[in-house]
Structures are given as C-alpha cells and as structure tokens.
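Q: My numbering puts the sequence shown at residues 2 to 298.
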Amino acid sequence: DDDPSTRIVAAEQLGQIGPAAKAAIPQLVNQATEDGSQHANTTASTALKWIDLAASRRVMTHFAMRLQDSDVQQRRTACAVLGSLGPVAKPAVPALLTATHDADALVRRNALIALAGIGIPPGPVGMALLAGLHDSSSLVRQTAVAQFAFTVPVSEDAAAALTPLLNDADKSIATLARTALDKPKAGDAAHLESLGMMLGHSSARDYALHQLAQLGPAARDALTPLLPLLDDDHPLIRYLAVETLAGMGPGAQPALVSLKQRRDSDPIVQAAMTDAVATLESGIAPSPVSAAGATPP
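Here you go:
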C-alpha cells in the first residue's frame, strides 16, 4: 500500500497474531528494512519479534551495519529500529554503545533509547545511560534521564547520579530525575513480588520479564513464577525467560537441570538456553550491575 499508515496498522495487527502470522514474515522484513517511513520500519520490527526471532535477528544485522553509514539519517533510523526489536537485539549492543559517541546528537539520543529498549546485558546498558547524563546536548541528557524514569530499573549507583539532577537548571530534567527516584528501587522486595505476579498475566508478562532480565541476581526471588514461561507459546517470552535465568547467576541453579534437558524449537531461544546453561554451570555470577539493574546484596 502507498499509504504508510496502512502498512503500520497492518504490521501492528500481524504482531498481535504472533507466531501464527509466519506467512507475513517476508513482507514484514521488507517493510522493516526497505520502507521509506521510519515509523513503518519500527512497527514492522516490533511485529517481527512476536512472530519469528530469526527474522528479527536478520533485521538486526541489516541495521547494525548501518550504524556506521555516512548518511546521518541512516544511522538515526538504524538506532530506532534496533531499539524496536527489544531484547532480541542484544547482539547489537556493542555497536549501539559505539553509536552513543556519534557526532550527531539525534544518533546519540536514539542509541540511548535503543539500549534502554534492549536492556540486556544491564551493566553496559546502564553505564551508557549514566554517561548520557553528562552529554553535551541537553536533548541527549534529557533522554538519558527519561530512560531511568520510564524504562530501566534504578540501582543505587543510578540513584546517586540522578540525585544532583533534582536541582538541574533544565526543569524537564529535574522533573524526570524526580520521577526516576520515586520509582521502586531495583531489588525492592515488594516490587519483585509485583513483577512475579505480573508474569501470570499475558498482557503484562513481557514487561515484567524485561524488567526482571535487567535486575540480574536480584531477580532470583521471581524464579518460581518464571519457570512455567519456558513453555510459553511465544518464542520471545521463552527467550526473555532464559535471559532472565542466565542473569540470575547462582540463584537460578534450581532451574539448571530443566534447562539442560530442554530442546527449544526456536534456534534463537535454544542458543540462549545453551549460553545460559554454560553460564550457570560455570557458577560465575554476572558482574554486579552498576547502573541499570540491582547490585547483589
């Protein structure tokens, strides 16, 4: 269709259908990578992550290479699309970290939004957001604070960095810092219990899983309600569950036998599971998260 809004609505509806919409993968990949409308690109990418993770990774690879493009608009769009893919675009994090140093402020802004949208691994993502608080551009600084206010968990280190911003001359930054600091702290017991309960609701489980995946070892309190999601119909949910388990470190040891016995039909989920087993068998806890997630007690 010549009207981008028609393609955008169609992609949204296909994403809601989920894996049953596999027949639409070629069209969605084309829309994600070739459409002249950035909104059409990101909507198709968002839909793909609910339909087929391998197709999402193909889109990721396409745009990760464009983070180095000489055309600044290509770099801006690449960041936006990578962020719309969410946690499945984890392999693109190193390239996005480099993009946070781009000469163009909008590229830096979009890179920070993308990193927050991916969220894992939380350590490097959080470090980039903390650095963004000191960017030369007020737009980028505001964007960095907004990610702590609305997207990523606030750790002790992040709270310490945000507190001085309560008195920032830019009132929007000060307001966002207050919003971030008023959130439950990463690892807050009541908040973890709430996230655990949300795992049982289909409309909220992806949000809850994404939050838990960013908490690292602190997410171990949600282990019991998380385990059934390894059998979810949606590959994205299974992928997030596995990434959350891997981030828990020793706290996920009770799930190790189950993970080793599983063979997932989705190659992306299976690869994540293999990595998670290796991490858990090594007995090495993830390094304490310095910004986006919780520091182990």
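Ideal Cβ positions, reconstructed from N, Cα and C, are used throughout, including at glycine.
Computed from a prediction, not measured in an experiment: that's the story for all the values here.
Please go through the same chain and pick out, in chain order, the residues whose beta-carbon is closer than 8 Å to the beta-carbon of Ala191, but skip the five residues on each side of it.
A: So the list reads Pro185, once near-sequence residues are dropped.
Q: Specify, as a first and last residue, the run of the alpha helix (DSSP H) that Gln14 falls within.
A: Where Gln14 is concerned, the enclosing alpha helix (DSSP H) stretches over Pro5 to Ile18.
Q: Mind checking if Val60 is an interface residue toward chain D, Cβ cutoff 8 Å exclusive?
A: The question asks about chain D, but that chain is absent: this structure has only one protein chain.
Q: Could you give the first and the last residue of the continuous alpha helix (DSSP H) run that contains Pro326?
A: A question about residue 326 goes unanswered here, because the residues of the chain that appear run from 2 up to 298.
Q: For Ala181 versus Val155, is the C-beta spacing smaller than 8 Å?
A: Yes, the pair counts as a contact, with Cβ atoms nearer than the cut-off.
Q: Arg77: buried (16+ other C-beta within 10 angstroms of its C-beta) or exposed?
A: Buried: at least 16 other Cβ atoms inside 10 Å.
Q: At a cut-off of 7 Å, is Arg109 close to the ligand NAD when judged by its beta-carbon and the heavy atoms of the ligand?
A: Among the components of this structure there are no ligands whatsoever, and the ligand NAD is therefore not found.
Q: So, with DSSP's three-state summary, where would you put Lys172?
A: Three-state DSSP puts Lys172 in a helix.
Q: Roughly how many angstroms lie between the CA atoms of Ala150 and Gln271, to the nearest whole one?
A: Straight-line Cα distance between these residues: approximately 33 Å.
Q: If you check the beta carbons only, do Ser38 and Leu49 fall under 8 Å apart?
A: Against a cut-off of 8 Å, the Cβ pair of Leu49 and Ser38 comes out as no contact.
Q: Would you give the residue range spanned by the alpha helix (DSSP H) that His135 belongs to?
A: Element bounds for His135: n/a, residue is neither H nor E.
Q: Near Ala106, which residues of its chain fall below 7 Å by C-beta distance, leaving aside the five closest residues on each side in sequence?
A: Answer for Ala106: Ser138, Leu140 and Val141, listed in chain order.
Q: Classify Lys185 as helix, strand or coil using the three-state DSSP reduction.
A: Per the sequence shown, residue 185 should be read as Pro rather than Lys. Coil at Pro185, not helix or strand.
Q: Since I believe Ala178 is in contact with Asp189 (beta carbons under 8 Å), could you give me their beta-carbon distance rounded to a whole number of angstroms?
A: About 19 Å; that fails the 8 Å criterion.
Q: By the 10 Å Cβ neighbour count, where 16 or more other Cβ atoms means buried, how is His211 classified, buried or exposed?
A: Result: buried.
Q: Taking the straight line between their C-alpha atoms, what separation do you get for Ala25 and Ala175?
A: Straight-line Cα distance between these residues: approximately 44 Å.
Q: Closest to Ala93 by CA distance: which of Val126, Ser71, Gln75 and Asp267 is it?
A: Closest by alpha carbon: Val126.
Q: For the alpha helix (DSSP H) containing His211, list its first residue and its last residue.
A: Per DSSP, His211 belongs to the alpha helix (DSSP H) from Arg206 to Ala214.
Q: Quick check on Asn42: buried or exposed, where buried means 16 or more other Cβ atoms within 10 Å of its Cβ?
A: Per the 10 Å Cβ criterion, buried.
Q: What does a CB cutoff of less than 7 Å around Met274 pick up in its chain, not counting 5 residues either side in sequence?
A: Same-chain partners within the cutoff: Val243, Leu260, Arg263 and Asp265.
Q: Using the C-alpha atoms, what's the distance from Thr164 back to Val146?
A: Going by the C-alpha atoms only, they are around 11 Å apart.
Q: At the level of alpha carbons, what is the spacing between Gly284 and Ala33?
A: Going from the Cα of Gly284 to the Cα of Ala33 covers about 39 Å.
Q: Can you tell me whether DSSP reads Ala33 as helix, strand or coil?
A: Residue state, collapsed to three classes: helix.
Q: Sort Leu86, Ala132 and Met198 by Cα distance to Ala100 and report the nearest one.
A: It is Ala132 whose Cα lies nearest to the Cα of Ala100.
Q: For Pro236, report the span of its alpha helix (DSSP H) as first-last.
A: Residues Pro236 to Met249.
Q: In chain order, what residues of the same chain have a beta carbon less than 7 Å from the beta carbon of Glu35, not counting five sequence neighbours either side?
A: Within the same chain, Glu35 has no close Cβ partners at all.
Q: So, helix, strand or coil for Leu200, using DSSP?
A: Reduced to three states, the DSSP call for Leu200 is coil.
Q: If the criterion is Cβ atoms closer than 8 Å, does the pair Gly201 and Pro226 meet it?
A: In this structure, Pro226 lies closer than 8 Å to Gly201 by Cβ.
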